[in-house]
Structure formats: C-alpha cells, structure tokens
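For the sequence shown, my numbering gives the first residue as 1, with consecutive numbering after it.
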Amino acid sequence: MLAIADLHCGYGHSEVLNGVSLEVPDRKLVALLGRNGMGKTSLCRSIMGLDPPAVRSGTVAYNGTDITDMAAFKIARLGLGYVPQGRRIFGSLDVEENLAMAQRAPAEGNEGEVWDLERVWELFPQLAERKKNTGSHLSGGEQQMVAIGRALTTNPGLLIMDEPSEGLAPVIVDQLNERLLALKETSLSILLVEQNYSMALKLADIVYVIENGKVVFTGGPDELDSNEDVKRRHLGVGV
Ligand SMILES: Nc1ncnc2c1ncn2[C@@H]1O[C@H](COP(=O)(O)OP(=O)(O)OP(=O)(O)O)[C@@H](O)[C@H]1O
Ligand SMILES: [Mg+2]
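Quick look at the structure:
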C-alpha cells in the first residue's frame with residue numbers, strides 16, 4: 001500500500017501541495033481528479049522522488065518503507081512504476097526497444113504476475129503489430145500504450161499514470177479505458193491521475209479530488225457522482 005501523510009511540497013518559494021494525505025490500498029485503483037495546475041503532477045513527482053518539486057514536510061511510505069527522501073532510482077526499484085504526463089517515449093527507438101530497455105525483474109516481495117514483452121503484446125495487441133515502428137511514427141494512442149507498457153515491464157507493484165487520456169480522441173480514450181479495466185484485474189495497485197471525469201469514474205474504486213494542493217473530496221465513485229457541489233465547484237462538471 002502507498003500511504004501519503006500531510007505532504008507539503010513546492011517550487012522555490014511557492015507552496016504547491018499544502019498537506020495532502022492519500023492512500024492507495026493494495027490491488028485498488030485510486031483516481032486523482034483536479035483541474036489544471038492543482039498539483040496532480042507535483043504529487044506524482046513527489047511520490048517518485050523526482051526533483052523538482054522539493055518536499056518540505058510530510059511522509060510517503062510504500063509497503064511500510066519510508067520513501068520520502070529516497071533517491072528516485074531506489075523508489076523505482078522498490079516497485080513503483082510511473083507513466084509521466086505527455087508520454088515521453090524515445091522517438092528514435094522502436095516499440096520493442098522502448099519496452100526492452102525498461103525491463104526489470106519484480107522487486108522482492110512483489111508476488112504479482114511477471115510482465116514480459118509477450119504479456120504487453122497481449123494487453124495491447126495493436127503494439128504487437130507495430131513492434132518495429134519507431135516511437136515518432138506512432139499515433140498518440142499508441143505512444144500512450146508504449147508509455148504504459150514500458151512502465152509495466154519494470155514489473156511494478158504500484159503503477160502511477162499521469163493523465164493517460166490527455167490529447168486522445170474520444171474513441172481512443174474508450175479503447176484505453178477498456179485496456180485499463182483489464183489492467184485492473186491484475187494484482188497491480190494503480191494511482192490514476194485524470195481530468196477525464198467519466199473515465200476516472202468508470203475505473204476507480206476510490207476517488208480523490210484536489211484543489212490548490214489540498215484534498216477536497218475522498219469517496220467512492222458513486223458518492224462523487226451524486227455530489228453536485230464538489231463536481232461543479234472543483235471539477236467544472238455539469239456547469
Ligand atoms: N517546474 C516548476 N516550477 C515552478 N512551478 C511549477 C513547476 N511545475 C509546476 N509548477 C506550478 O505548480 C502548480 C501545480 O502544477 P502541477 O503540474 O502539479 O499541476 P497539475 O494538477 O498536474 O496540472 P495539469 O492538469 O495542467 O497537468 C502550478 O501552479 C504550476 O504552475
Ligand atoms: Mg499535470
């Protein structure tokens with residue numbers, strides 16, 4: 001389980017997270033919603049030990065280990081996989097190379113199924129047909145699949161995805177949604193950052209909403225969907 005307690009972080013003199021507490025229980029999918037600039041990426045980067053932002057106080061623990069001040073490569077090795085916003089894959093490498101270079105054995109104590117390239121092809125058959133295409137010759141949706149596949153081949157116990165649906169056409173978002181539902185059936189724990197409200201709601205076990213670096217809602221997807229106030233004020237849904 002990932003447990004974040006009272007996390008404060010910022011850039012220079014500006015504070016971006018003002019005491020965020022959030023948990024991702026084992027094998028659950030937690031969705032983090034919030035409008036532009038609310039601190040979602042900053043939270044992901046803080047979890048992954050990426051600098052900036054600088055963590056000022058609070059703690060991040062993964063399976064009971066305090067990872068707050070741990071180096072990013074050690075955090076990754078413990079089993080945290082990250083799909084950054086904007087799907088930064090290597091444009092000059094082909095699909096297979098992009099995946100192979102990330103491949104790593106599961107961390108000790110990670111009892112889940114092993115993700116090898118075969119398993120990634122099973123999850124994303126479209127990629128199997130494009131193994132030899134270079135990253136720059138893929139559609140946005142395919143690039144996102146590579147970015148997710150690459151994080152999976154590191155064999156994480158927890159997968160953090162930062163706005164995977166961003167910039168994708170609705171029909172491609174639907175396909176991605178369906179693939180993420182398949183991922184949810186595995187032993188992975190998932191933290192999904194989204195601005196696509198309906199996608200997040202379909203996938204999530206638990207939803208957090210953040211506004212200006214603070215959690216303003218925590219609850220089940222149905223609870224959020226019936227909370228017109230939170231939807232309107234913090235997400236701009238239904239206005
Ligand atoms: N490298 C940086 N240096 C200074 N300020 C930054 C930096 N990155 C982000 N910020 C600021 O921190 C705040 C939170 O940004 P963050 O990227 O975490 O938001 P976000 O919720 O991920 O937004 P989006 O949905 O647009 O991706 C914003 O005010 C942003 O301008
Ligand atoms: Mg962001």
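Glycine is no exception: its CB is placed at the ideal position from the N, C-alpha and C atoms. Model, not experiment: these values are computed from the prediction.
- Counting the other Cβ atoms within 10 Å of the Cβ of Thr65 gives fewer than 16, which makes it exposed.
- Across the structure, Ala5 and Asn133 are spaced so that their CA atoms are roughly 43 Å apart.
- DSSP places Phe217 in the uninterrupted beta strand (DSSP E) bounded by Lys214 to Gly219.
- Ala107: not part of any beta strand (DSSP E); DSSP gives it neither H nor E.
- One thing to note: Gly112 has its Cβ within 8 Å of the Cβ of Gly157.
- Taking C-beta separations shorter than 6 Å and ignoring five residues to either side along the sequence, the partners of Pro52 in its chain run Tyr11, following chain order.
- The way I'd put it, the segment 150–164 does touch the segment 101–109; three or more beta-carbon pairs between them come closer than 8 Å.
- Remark: the shortest separation between the CB of Gln144 and any heavy atom of ligand 1 does not fall under 7 Å.
- The nearest non-hydrogen atom of ligand 2 is 7 Å or more from the C-beta of Asp174.
- Separation of Ser189 and His137 (C-alpha to C-alpha, rounded to the nearest whole angstrom) is 31 Å.
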